[in-house]
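Add 273 to the 1-based position in the sequence shown for this note's numbering, that's all there is to it. Even for Gly, the Cβ is constructed at its ideal location relative to N, Cα and C. First up is the structure itself, then whatever we jot down about it.
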Amino acid sequence: MKILILSRYIYDESIPEFGINQTGLGMMINDIAKSTANYNDVLLLTRAISKGKVRGNYVILKHTWVDFLKSFSLRCLVEGVKKAIKAGENFKDRLKVIYFYLDGSYLRKIIKKYNPDIAHIHGIDESSEAYIKACEHFGIPYIVTLHGLIGLDDSVLASKYNKQLEHDFLKASEDKNILVTVISSGIKKRIIKNYGLGNGKNIKVITNGVDCYSATKDRINIRDMHNIPENNTIIVCIGNISKNKNQIQLVESLYHLSKETVKNITVIFVGKDNTNGLLETRARELRFERNCVFCGPVNKKNIASYFSEATLNIVASLNEGFGLSIIEGFVHGVPTVTFSDLDAIEDLYNDKAMLLTNERTSSALAESIYKALKKHWDKDWIKKYAEQFSLDKMAQNYDKIYKDILK
């Protein structure tokens, strides 16, 4: 089968135009393209301006300004302007909508040229709305994968227009029997409950995957790099620093641990700071600046170096569709402490690999961290457990979905 993957962006640090948005979502979509290409012919088109590239077993299609201008369509412009009038909370938002609709005419050229069997669209927003219209125009079967929900939580930054789009699309998907995949059972349950769907028969759960088998060579010595004493226990918290990722509660939980316990703990925060230094400020206020390392964005290939030295991984997010760092930690035998109300708990939880916190308080999180530090964890068992979340198993599940659509 020929699969056309459509996404607003991906993250690939080896390609300059795709090395801008270093997010778990961008990495995951790139991994989905690579892994599904082991079973199908995969073409990937994003909104990024790119000359295109062959990436091993799949192709990133070119998308240049010349392509954009040559594919100009008055019809798409009119559609975009109509949508923009409804969409924008400000002028910049309106321009985005118009651009995405104009760019949809280039997608129509791509569909004509390559004639894909299926389009696989990632996310629902003003960008993917134009993707859907193009697929429906040509009668191309498509599926939509949601990597999280934006319309149900204030902690997730999204425009009112995009939140309404999510609601309207999910309601319509049930009526039209459009196949939607989500990355956790919790997301599916929340969609059915909060958006008033029936039984959600058009929604399938396909959990994310991670590379469980390739060994990372030339690992960096993070203790030397960050001046961490040899006898200190390392706790990692992976992900861009934001209100939603809630790293501030992890810092505040240290206050509820004994001084003796905290004395030998180093918490490493890996990710871009989107809070203008709020987290570092809070650490200084509580006098934990010596216990916290803020290392900023880290190349994907070096993440393994952090996990290899870690005793625990902490996920304190307010809203987390899956929690990729959880299974990344599993690969290295690192258990995770997190909250019991996260969407993916049903899919990921095993008491041999995770410790759950039932109350969303800093003191409760501190108690769980203390228990996890005292507990004996079988690292080899956790590594084996990670294999059920491999990229290949994820790819097989998507391949089955593709085949089912074309039956």
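Contact check, residue i vs residue j, beta carbons under 9 Å
i	j	result
glutamate 533	leucine 559	no
glutamate 399	serine 432	yes
leucine 318	serine 287	no
isoleucine 464	glycine 471	no
asparagine 575	asparagine 537	no
alanine 617	glutamate 632	no
lysine 307	tyrosine 282	no
valine 455	isoleucine 423	no
Distance, residue j Cα to residue i Cα
i	j	result
glutamate 619	leucine 628	13 Å
serine 578	isoleucine 493	6 Å
asparagine 313	lysine 666	14 Å
leucine 342	leucine 380	13 Å
valine 354	alanine 392	25 Å
proline 289	lysine 326	12 Å
lysine 673	lysine 474	16 Å
lysine 648	isoleucine 333	46 Å
serine 323	glycine 596	29 Å
asparagine 623	isoleucine 508	20 Å
aspartate 546	lysine 680	46 Å
tyrosine 404	serine 531	54 Å
lysine 461	valine 588	21 Å
aspartate 304	threonine 630	30 Å
glutamate 447	tyrosine 658	34 Å
methionine 301	phenylalanine 561	33 Å
Buried versus exposed call for residue i [16 or more other C-beta atoms within 10 Å across all chains shown]
i	result
asparagine 572	exposed
aspartate 285	buried
glutamate 601	buried
phenylalanine 336	Here residue 336 is histidine; the residue named in the question, phenylalanine, does not match the sequence. The residue in question, histidine 336, is buried, as its Cβ has 16 or more Cβ neighbours within 10 Å.
aspartate 651	exposed
glycine 550	exposed
asparagine 435	buried
valine 315	buried
Cutoff 6 Å; reference residue i; Cβ partners in own chain excluding five residues on either side
i	result
aspartate 484	Leu664
valine 607	Phe580, Ala583 and Asn586
lysine 275	Asp314, Pro389 and Asp390
N-terminal and C-terminal residue of the alpha helix (DSSP H) that residue i is part of
i	result
arginine 557	551-558
threonine 296	Where threonine 296 is concerned, there is no enclosing alpha helix (DSSP H), given that its DSSP letter is neither H nor E.
glycine 377	364-387
Beta-carbon proximity list for residue i, same chain, < 7 Å, skipping 5 on both sides
i	result
glycine 544	Ile511, Gly512, Asn513, Ile514 and Pro570
Boundaries (first-last residue) of the beta strand (DSSP E) holding residue i
i	result
aspartate 314	314-319
leucine 279	275-280
threonine 506	506-511
Own chain residues within Cβ distance below 8 Å of residue i, not counting five before or after
i	result
leucine 350	Ile371, Tyr374 and Leu375
isoleucine 678	Ile391, Pro414, Ile416 and Leu452
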